[in-house]
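**Student:** Residue numbers (the numbering used here), protein chains in the order written: chain Y, 450 to 666; chain B, 60 to 610.
Here a beta-carbon is modelled for each residue, glycine too, at the ideal position from N, C-alpha and C.
Here the structure is a predicted model, which is why all the values come from computation and not from measurement.
Here it is, the structure, as structure tokens.
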Amino acid sequence: MLELLPRFLPQFLSGLLVNFEIAICALLGGMLLGAPLAAARFHNGLAAAPAAWLVALLRTVPTFVVMFFLVNVVPGFHLGQRQFAMTPWLAVVLSLTLYAAAYVSDHAVEAMRQLRSGSPVAAMLFVMGLVRAFFVMVLSSGFGAAVGVVEATTVTLRAIETLPKAGDRVLLICLVIGIFTACFQLIYHLINHWRGRLNQRFHRPVQAARLEGAEQP
Amino acid sequence: MQAVAVMRRLLAISLALLCFSAAGQGAQPPQQAPLPAAQAAQKNRNCNDAVDVLSRVLCTKTLRVGVRTGYPPFAFEDAAGALQGFEIDLAHQLAGSLGVEPVFVVVTPANRLALLGEGRVDMVIATMGHTLQRDREALFVRPHYYQSQTIVLGRKELAIGGLVKLRGNTVCVTVGNSTNAELSVNGARLKLFDRAATLVDELRLGGCSLVAQDDSFFASYLQQPAFAAAYDSKFGFAPLPWGAAVSREGGERLADVLALSMQQLHISGALQSLARKHGVDSPFLAQQHKLWSSGVCAQISALNDPACVIAPPDNQLEPTSFAPKVDQLENFIHQATGTRVTLAMFKTWVAMDLLLEGVWFSLLLVVGAVLATWGFALAFGAGLTSHKRWLRGAMRCVLWPMQSTPLILLMILASVVVGAMGATSPLVALAAAVLVLGLFNGSNAGQAVAEAMLTLREERAPAQPALSSAVYRARAQMVAFVVNATRGSPAASVMGVPELLSALTDVASFSSERITTYTFLLIFYMVLVAVVHRLANVWQSRLALSGGAYA
């Protein structure tokens with residue numbers, strides 16, 4: 450297995466870049482779709498009920514099945530003058546976009562409510578939530594392996610297929626899990642650290658202002 | 060009796076051929092001037108009036124042969140645009156045996172039988188497999204000139220012993236191939252593509268590690284040294300004899316004469332030499348040479364002897380007893396809505412069995428995943444807030460990888476471990492998938508329960524709050540992860556669980572229908588997620604109503 454690593458690791462890292470690429474595109478798509486839905490729900494106008502219904506529908510969408518649906522049923526689509534063919538990569542991006550749209554909409558509505566009630570901390574937490582959602586989508590983009598997107602999981606899958614011993618296969622997967630765990634736990638700890646600092650930065654002045662307000666006659 | 064009749068017919072045709080060619084030779088002086096245009100047109104008109112195809116061929120001295128292009132080394136255009144290949148040379152030989160010139164008409168798999176039926180070609184030699192179903196549309200010349208089979212091809216380092224060893228492996232296939240049913244029945248996971256050429260691209264790019272397709276398709280690729288060094292055929296199955304075909308209307312005599320010629324090509328070894336020349340020689344041709352050279356099969360009467368000729372395979376899947384009603388329903392939907400739907404999963408027993416098994420496994424998987432998520436959430440909630448340090452440490456060691464690894468990779472790990480233990484049944488795969496889904500979602504939900512527990516301890520110190528109070532406080536997260544487990548359950552297909560995604564992909568692979576099939580799948584899972592979401596919300600509401608007991 451050791452002789453495989455020098456060949457495997459560069460391929461794995463380039464596969465991981467594909468995962469990040471997919472997550473970035475899906476999050477951007479989710480924000481584009483989710484922001485108007487959140488605005489419609491928050492302002493409680495005529496569009497509020499259909500927007501809420503659409504978000505509820507988006508929440509039930511199983512990403513893995515949508516990906517297969519898009520690959521097998523939708524040949525492509527037009528966006529303005531441009532035509533897009535439904536590649537497996539695009540199918541993964543679009544299926545994650547639906548998940549991201551529901552997530553962005555839910556959290557943006559909550560953040561706007563908090564902002565209105567005078568709590569900027571909760572609104573700032575929305576940004577942290579987006580960062581967290583981004584990394585969740587990096588991991589979820591591993592679903593692409595099932596439709597032929599060459600990303601980190603696919604590279605791992607191809608590598609383990611060349612190992613004849615089950616022990617070596619388990620070892621390689623554990624190594625990959627180890628890499629993922631080290632990277633992502635570091636990221637999650639950084640997110641929590643920033644969240645704590647944000648809390649401190651915004652919470653104290655707000656508390657002080659409230660106390661001052663309470664002391665006023 | 061039938062053999063005697065065929066023999067008589069053949070002898071009569073042979074005599075007629077001799078007379079025809081002798082008359083032709085006698086009538087034609089060595090340096091004959093070309094016929095005037097009007098006379099030639101009149102002759103062609105007379106020839107085309109003939110009902111019998113053989114008479115027309117002999118009259119016009121041309122044999123219109125439908126051939127394919129772009130299918131090396133069987134039929135393709137060279138750099139100069141001339142048709143080359145095994146089938147082209149074979150057509151020359153057969154036309155030569157009739158004393159006529161071949162005129163090639165390019166056909167495709169989609170229109171080859173239609174052109175034959177319309178009389179626009181006299182014969183088709185176009186990589187066409189002889190099946191019982193095609194026997195109704197054309198008259199196949201026997202003996203067959205080639206036999207293909209579906210091969211599973213992959214990188215050389217992969218060791219796959221046979222069909223039964225495919226269980227759990229992903230195989231890339233083209234949609235509509237009838238042999239896909241055999242792969243799915245043997246537990247292979249199928250990945251679908253529209254064109255065979257895409258399979259080779261995917262193989263090279265790493266998107267597929269195993270592909271299944273007709274061996275004739277790979278013949279030209281395996282002649283390339285670089286391709287042959289990297290990939291090889293693992294095994295073959297579903298042999299399919301290839302035949303030249305003529306029209307059912309008036310083509311009987313032509314088929315008989317061509318059968319005689321084909322028999323001679325086998326006996327003389329000319330067909331094998333031709334195959335060798337184009338790099339498509341196969342054990343089938345050697346076996347056929349031996350067979351037709353034997354005492355029993357070297358006779359004219361053997362052309363109808365079941366001991367000598369190969370019976371065409373039956374490729375039709377057994378229809379369900381209610382298939383006609385499904386057709387009626389499809390027509391009704393089309394008339395009522397203008398939308399054409401194809402409910403392929405209800406039309407054959409193979410598809411129906413796959414569908415029912417898929418629904419059953421999906422329901423079991425979702426119920427199992429929900430219960431496992433619930434159970435692991437409680438376990439992690441209790442473990443992560445335990446007063447025992449070692450238990451908290453152990454729980455974190457499991458929690459961190461669960462939070463940081465793609466679900467699909469965890470599924471693959473479970474699949475490898477289960478495979479290494481020698482357990483390959485679908486139920487074992489289901490149990491492993493339930494475990495992974497439960498751990499993945501339950502650990503995250505458990506962390507929420509643990510965080511709720513810690514806040515409760517802060518609020519109620521020094522009293523020790525119960526776990527149920529923490530669950531009550533973290534109920535929204537519990538619901539979210541239970542729903543997440545349901546949404547993620549189709550990913551279990553990568554572990555070889557025959558749930559609905561897996562089952563319907565298999566159905567689509569051999570029925571050629573994907574739009575209705577995948578729409579049905581999407582609706583099924585969305586309804587399933589909505590039901591679980593609804594039930595979870597009911598639980599949450601009841602918990603809120605009895606909140607006083609927990610809070």
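From B/His446, B/Cys356, B/Pro521, B/His325, pick the residue whose C-alpha is nearest to that of B/Ala366; which is it?
**Tutor:** Considering only alpha carbons, the answer is B/Cys356.
**Student:** Mind pulling the chain Y residues with CB within less than 9 Å of B/Trp449?
**Tutor:** Per Cβ cutoff of 9 Å: no residues; B/Trp449 is ~20 Å from chain Y at best.
**Student:** Can you name the residues of chain B whose CB is closer than 7 Å to the CB of Y/Glu610?
**Tutor:** The answer, in chain order, is Leu217, Ser268.
**Student:** Would DSSP call Y/Glu470 helix, strand or coil?
**Tutor:** In this structure, Y/Glu470 counts as helix in the three-state DSSP scheme.
**Student:** So, at 7 Å on beta carbons, what are the nonlocal neighbours of B/Arg171 in its own chain, with the 5 sequence-adjacent residues on each side left out?
**Tutor:** So the list reads Gly125, Val183, Ala185, Met187, once near-sequence residues are dropped.
**Student:** Could you have a look at B/Gln282 and say whether DSSP puts it in helix, strand or coil?
**Tutor:** Note: B/Gln282 maps to coil in three-state DSSP.
**Student:** Hey, B/Leu402 and B/Thr575: beta-carbon distance below 8 Å or not?
**Tutor:** Cβ distance < 8 Å, so B/Leu402 and B/Thr575 count as in contact.
**Student:** In its own chain, which residues sit with a C-beta less than 8 Å from the C-beta of B/Asp253, not counting the 5 before and 5 after it?
**Tutor:** So the qualifying residues of the chain are Thr233, Val234.
**Student:** So for B/Lys336, helix, strand or coil by DSSP?
**Tutor:** Correct three-state label for B/Lys336: helix.
**Student:** Candidates B/Met554, B/Val541, B/Ala551: which alpha carbon is nearest B/His592's?
**Tutor:** Comparing Cα-Cα distances from B/His592 to each of B/Met554, B/Val541, B/Ala551, the minimum goes to B/Val541.
**Student:** Does the pairing of the segment 582-602 of chain B with the segment 543-562 of chain B give three or more beta-carbon distances under 8 Å?
**Tutor:** Yes, since at least three Cβ pairs between the segment 582-602 of chain B and the segment 543-562 of chain B fall closer than 8 Å, the two stretches touch.
**Student:** Compute the beta-carbon to beta-carbon distance between B/Phe405 and B/Met411, rounded to the nearest angstrom, for a pair I have assumed lies under 8 Å.
**Tutor:** That pair is a contact at about 6 Å.
**Student:** Comparing the C-beta of B/Ser502 with each C-beta of chain Y, is any distance below 8 Å?
**Tutor:** No, B/Ser502 lies away from the interface with chain Y (no Cβ there is under 8 Å from its Cβ).
**Student:** Tell me whether Y/Glu610 sits in a helix, a strand or coil according to DSSP, three-state version.
**Tutor:** In the structure shown, Y/Glu610 sits in a helix (DSSP, three-state: H, G or I).
**Student:** With a 10 Å radius around its C-beta and 16 neighbouring C-beta atoms as the bar for buried, classify B/Gln272 as buried or exposed.
**Tutor:** Buried: at least 16 other Cβ atoms inside 10 Å.
**Student:** In the DSSP assignment, find the alpha helix (DSSP H) that holds B/Lys215 and state where it starts and stops.
**Tutor:** First-last for B/Lys215: undefined, no H or E at that position.
**Student:** Span of the beta strand (DSSP E) holding Y/Gly525?
**Tutor:** Element bounds for Y/Gly525: 525-528.
**Student:** Run through DSSP, which three-state label would Y/Leu458 get?
**Tutor:** Helix.
**Student:** According to a CB-to-CB cut-off of less than 7 Å, which residues of the segment 296-313 of chain B neighbour chain Y?
**Tutor:** The residues in question: there are none.
**Student:** Does the segment 478-492 of chain Y come into contact with the segment 607-627 of chain Y, if we say contact requires no fewer than three beta-carbon pairs (one atom in each stretch) closer than 8 Å?
**Tutor:** Counting Cβ pairs under 8 Å, fewer than three are found: no touch.
**Student:** Using C-beta distances below 6 Å, list every residue in its chain close to Y/Thr603, excluding the 5 sequence neighbours before and after it, in chain order.
**Tutor:** Cβ within range, chain order: Ala594.
**Student:** Give me the Cα-Cα distance between B/Asn596 and Y/Met516, rounded to the nearest whole angstrom.
**Tutor:** The alpha-carbon atoms of B/Asn596 and Y/Met516 are separated by roughly 27 Å.
**Student:** If I follow the unbroken alpha helix (DSSP H) through B/Ser600, where does it start and stop?
**Tutor:** B/Ser600 -> alpha helix (DSSP H) spans 574-604.
**Student:** Could you check if Y/Glu452 is buried or exposed, using at least 16 other CB atoms within 10 Å of its CB as the buried criterion?
**Tutor:** By the 10 Å Cβ count, Y/Glu452 comes out exposed.
**Student:** For B/Asn363 and B/Leu319, what's the separation of their Cα atoms in angstroms?
**Tutor:** Answer to the nearest angstrom: the Cα atoms are 11 Å apart.
**Student:** Figure out for me which residue from B/Leu317, B/Pro298, B/Leu299, B/Phe296 has the closest Cα to the Cα of B/Val305.
**Tutor:** When only C-alpha atoms are compared, the closest one is B/Leu317.
**Student:** Where Y/Asn648 and Y/Phe575 are concerned, what is the direct C-alpha to C-alpha distance, given to the nearest angstrom?
**Tutor:** Rounded to the nearest angstrom, the two C-alpha atoms are 12 Å apart.
**Student:** Whose CA, out of B/Ala431, B/Ala603, B/Gly452, B/Tyr130, lies closest to the CA of B/Phe276?
**Tutor:** When each option's Cα is compared against that of B/Phe276, the closest is B/Tyr130.
**Student:** Specify the secondary structure class of B/Leu313 as computed by DSSP and reduced to three states.
**Tutor:** Residue state, collapsed to three classes: helix.
**Student:** If you compare alpha carbons, which of B/Val508, B/Glu517, B/Arg516, B/Pro557 is closest to B/Arg534?
**Tutor:** Minimum Cα distance to B/Arg534 is reached at B/Val508.
**Student:** May I ask which residues mark the beginning and end of the beta strand (DSSP E) holding Y/Val510?
**Tutor:** Neither: Y/Val510 is in no beta strand (DSSP E) and is coded neither H nor E.
**Student:** Between B/Gly328 and B/Pro161, what straight-line distance do the alpha-carbon atoms span, to the nearest angstrom?
**Tutor:** Cα to Cα, B/Gly328 sits roughly 22 Å from B/Pro161.
**Student:** Are the beta-carbon atoms of B/Gly442 and B/Arg451 separated by less than 8 Å?
**Tutor:** Taking 8 Å as the Cβ cut-off, B/Gly442 and B/Arg451 qualify as a contacting pair.
**Student:** Examine chain C for any beta-carbon lying closer than 8 Å to the beta-carbon of Y/Pro511, and answer yes or no.
**Tutor:** Absent here is chain C; the protein component of the structure consists of chains Y and B.
**Student:** If we ignore side chains and look at the alpha-carbon of each, how far apart do B/Arg263 and B/Asp291 end up?
**Tutor:** Each residue's Cα considered, the two are about 13 Å apart.
**Student:** To which residues of the same chain is B/Arg123 closer than 7 Å at the C-beta, ignoring the five residues directly before and after it?
**Tutor:** Excluding positions up to five away in sequence, the list reads Val162, Val164, Val180, Asp181.
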